[in-house]
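Protein chains in written order, with the UniProt record's numbering: chain G, 1 to 365; chain Y, 1 to 322.
As C-alpha cells, this is what we get:
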C-alpha cells in the first residue's frame, strides 16, 4: 500500500472532518439521552460562540490558551514525544509571569514588563519541562509518566508558594495582590476603539496576537530550519535519525523546552491578561485540552488555530448553552473534547485504513 | 505514641485500598502490554455508577455491580481502540479520562440535579464497617489486642478484599497458565502468536480484569469510604496508582508495599497539618503530599533502583498476514 496514491485532501480534510462529525454525533446522542434536543442545543452553542461581538471575543480568548497548549503538544509530538505535562508547565509559566509582574509593577511601564513577562513565562514553563526531558533523553525514563508526575508536583508547589509566600497579607483568599495597571496586558477592545474599531467588551487581550505570532514561529521552526528537520526525523524514525548523525538527546531536550515554554504562555493570557493576580488552578484543564487541539489540528499551526477556535467556541458556547438549557451542564464540553480525542486520536485508524484503501483501489482501477 | 501509630496505620489501610485495587488493575493491563493512563477515568466512572445505582436501588451490592459494569465498559473502549484498531494507548487513556470527567457530572446533574453530586447514601446503600468477634473484649489487651480491635477489625469488606487480591493476583500472574500467557503477551507477543494463542483475546481478558478491579476501587470511594459521589472525587488516585505500579516494578507484592507507603504518606500529611517539629519547624503539608510523585520520578530516573517495564508495552501487535 503506497501512501502516494491517496489524494492529499482525503488525509488533511476528509478523514479529520469525518472523525469530528462522529465525535459530534455521539455528543448529540448524549444530549438526546438527557432528554434535550441536540439541534436546538447546537443552535444555542453556535449563537453563544459567534452570534455577537462579546461572544466572539470570549471564543477567541479561550482559543488563545488552546493555541498555546496545542502548539506545545504538537512540537513535542513532531519529535515523537508525548508531552502530557502542559498543565503543569502552564501553571509554572504563570508563576514566572506573576513573579515578574509582582516585582516590577510599581516601578516599570508596560513596555518593559510585557517582554520580561514573556521571557518569564517561557523560561519557567521550559524549566518545568526540562527535568522530564533530561530524564527521558539521558536516563531513559518514560516522558509520559514523568510529565504526569510533574503536573501533580507543580500543583502542590503552587499551593505552597501562593498560600505561604505570595498571598495578600490578612486575606483568606489564596491569591496574590492585584497587579498595578502597568502590568495588565491591554484588552483588544481598548486597543481597537481609538482607531475607530468597536468590538464588544471581552477578556480578549494582546496575548491572542502573541499566540498567532507563536504559530508563525512554530511553523518556521519546524518546516524551515535545520533543527526542525532533525526534530521531524527523530519523530518519524529515531533509528534513522541516530544513523544520520542527529544528536537525538539534544533534540529531545530542546523540543521539550520549546514545548514547555509555549505552554507557559497560558500564564500570559490568564495572569497578565485577565485575572491580574496570581491564583490557584488558573490552568483549568487547558493543558489536557491542548492534546485534543493538537490531534484535531493534525499538529500543524493552521490546523491548531482552527481547532483552538472550534474548542474555544465550545467553551464559550457551552456556557451559553448551560444558561439557556439548565439541564445541560457546561461539562458537556468536556465530554465533546474527550470524544474528539477518542475519535481523531485513539480511533484514527478506524476509518483511515478503509478510506485510504478505497482511494487506492480506485486509483489502481 | 503507640495509639497514634495504630490510628495512622488504620488510616493508611483506608486510604490505600483504592490504590491497591487500581494498581493491581494496572498490573494486569500493563503486564499484558497495554498502557493504562485511563485508571483514573475508570475509577471515577465506577464511583459515579456505583453511587447512582446504590442510591436508586438502596443496595451497595447492586451499586458495586453497576460500578464494575461501567468500568469494564470503559476498559472495553480502551481495548477496542488499542487492540482492535491499534490506536495510541496514551491518547486512548486521556480520551477516557476526559470523557468520564465530563459525563459523570452531566449525567448526575440530569438524574439527581444536585450540582453534580449523588444523594447521600445511608444504611444498606453503603458498605458498612465489619467488627471482628471479640474486638471489644480484646481492646484492653495491650499491643496485640489494640492491633486486633483497632487496626484489623472495623473496616468494610472491600478493604479486606483489596488485601486478599494481592496474593490472588500473585497466584494468577505467576502460577497459572493464563498468567504465563499474559506475561508473555506483554514481553513477546510474537512468541505467543506462534504458539497458536490469540494475542488480542488475552489482552482483552486482561483489560476485563483491569476493569473489574478499577470498578471495585471506584465503588469503594463512593459507597464505602464516602457516602455518595462528588465531582472529580477520584482526585488523581488513578495516577497515584500508576505511580505505585511503577514504584512496585509491576510486581504484586512490591506494588502493595508502594500503595501502603503512599497511603501512609497521606495519613502523615493529614496528621502533620500545622505541627511544629523541634529544630525543623513546620513541615508544609504539600511537601509530604508530593513525595509519592517525587519518589516515582527518582525511581524512574534510576536513582533508587531501576524500573523496567514489560518489553512490548504500548506497542500494538500486528499479526502478519500472508
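Heads up, the beta-carbon is just placed ideally off N, CA and C, and yes, glycines get one too.
- Just so you know, the alpha carbons of residue 240/G and residue 247/G end up roughly 12 Å apart.
- Rounded to whole angstroms, residue 275/Y and residue 282/Y show a C-alpha spacing of 6 Å.
- The Cβ atoms of residue 308/G and residue 66/G sit closer than 7 Å to each other.
- Relative to residue 185/Y, the option among 151/Y, 224/Y and 34/Y whose CA is nearest is 34/Y.
- Using a Cβ distance threshold of 7 Å, residue 307/Y and residue 249/Y count as a contacting pair.
- Listed in chain order, the positions of the segment 95-107 of chain Y with a beta carbon within less than 9 Å of a beta carbon of chain G are 95, 96, 97, 98, 99, 100, 101, 102, 103, 104, 105, 106 and 107.
- Leaving aside the five residues that flank residue 99/Y on each side, the residues in its chain whose CB is nearer than 8 Å to its CB run, in chain order, 41.
- Between residue 285/G and residue 73/G, the beta carbon gap of about 13 Å keeps them out of contact (Cβ cut-off 8 Å).
- Shown here, residue 273/Y sits in coil according to DSSP, grouped into three states, outside any helix or strand.
- Identification of residues in the segment 73-86 of chain G having a C-beta nearer than 8 Å to some C-beta of chain Y yields 82 and 84, given in sequence order.
- Counting C-beta pairs closer than 8 Å gives fewer than three between the segment 186-205 of chain Y and the segment 102-111 of chain G, which falls short of the contact rule.
- By the CB criterion at 7 Å, residue 205/G and residue 185/G fall inside the cutoff.
- Taken in chain order, the whole alpha helix (DSSP H) runs of length 4 or more contained in the segment 198-242 of chain G are 207-224 and 226-236.
- Nearest CB-CB separation between residue 27/G and chain Y: not below the 7 Å threshold.
- Closest in C-alpha terms to residue 344/G, from the list 295/G, 162/G and 304/G, comes 295/G.
- Annotated three-state conformation of residue 36/G is coil, per DSSP.
- At a cut-off of 7 Å between beta-carbon atoms, residue 350/G makes contact with chain Y.
- Rounded to the nearest whole angstrom, the C-alpha separation of residue 135/Y and residue 141/Y is 10 Å.
- Sequence-ordered contacts of the segment 133-146 of chain Y with chain G are nonexistent [C-beta pairs closer than 9 Å].
- Taking a C-beta cut-off of 8 Å against chain Y, the contacting residues of the segment 156-178 of chain G are 156, 157, 159, 160 and 164, listed in chain order.
- One alpha carbon belongs to residue 28/Y, the other to residue 350/G, and they sit about 26 Å apart.
- Relative to residue 297/Y, the option among 15/G, 147/G and 92/G whose CA is nearest is 147/G.
- In terms of CA proximity to residue 217/Y, 19/Y leads the group 19/Y, 38/Y, 95/Y and 315/Y.
- Only residues of its own chain outside the window of five on either side were considered, and among them 261 and 264 have a CB closer than 6 Å to the CB of residue 122/G, listed in chain order.
- For residue 189/G, the three-state secondary structure derived from DSSP is helix.
- Among the residues facing chain Y, residue 342/G is included, as its CB has a counterpart in that chain under 7 Å away.
- Chain-ordered, the chain Y residues with CB closer than 9 Å to the CB of residue 295/G read 91.
- The segment 17-36 of chain G and the segment 335-342 of chain G touch, with no fewer than 3 CB-CB distances between them shorter than 8 Å.
- Within chain G, the C-beta atoms nearer than 8 Å to that of residue 289/Y come from 156, in chain order.
- A direct Cα-to-Cα measurement between residue 118/Y and residue 227/Y gives close to 9 Å.
- Interface annotation, residue 278/G: not in contact with chain Y, CB-CB separation never under 7 Å.
- For residue 301/Y, a Cβ of chain G is located within less than 7 Å of the residue's own Cβ.
- For residue 117/Y, the pairing in a beta bridge is given by DSSP as 114/Y.
- Using a Cβ-Cβ cut-off of 7 Å, residue 21/G does not count as an interface residue toward chain Y, since no Cβ of chain Y sits closer than that to its own.
- For residue 193/Y, the enclosing alpha helix (DSSP H) covers residues 189-194.
- Under DSSP, the beta-bridge partners assigned to residue 129/Y are 156/Y.
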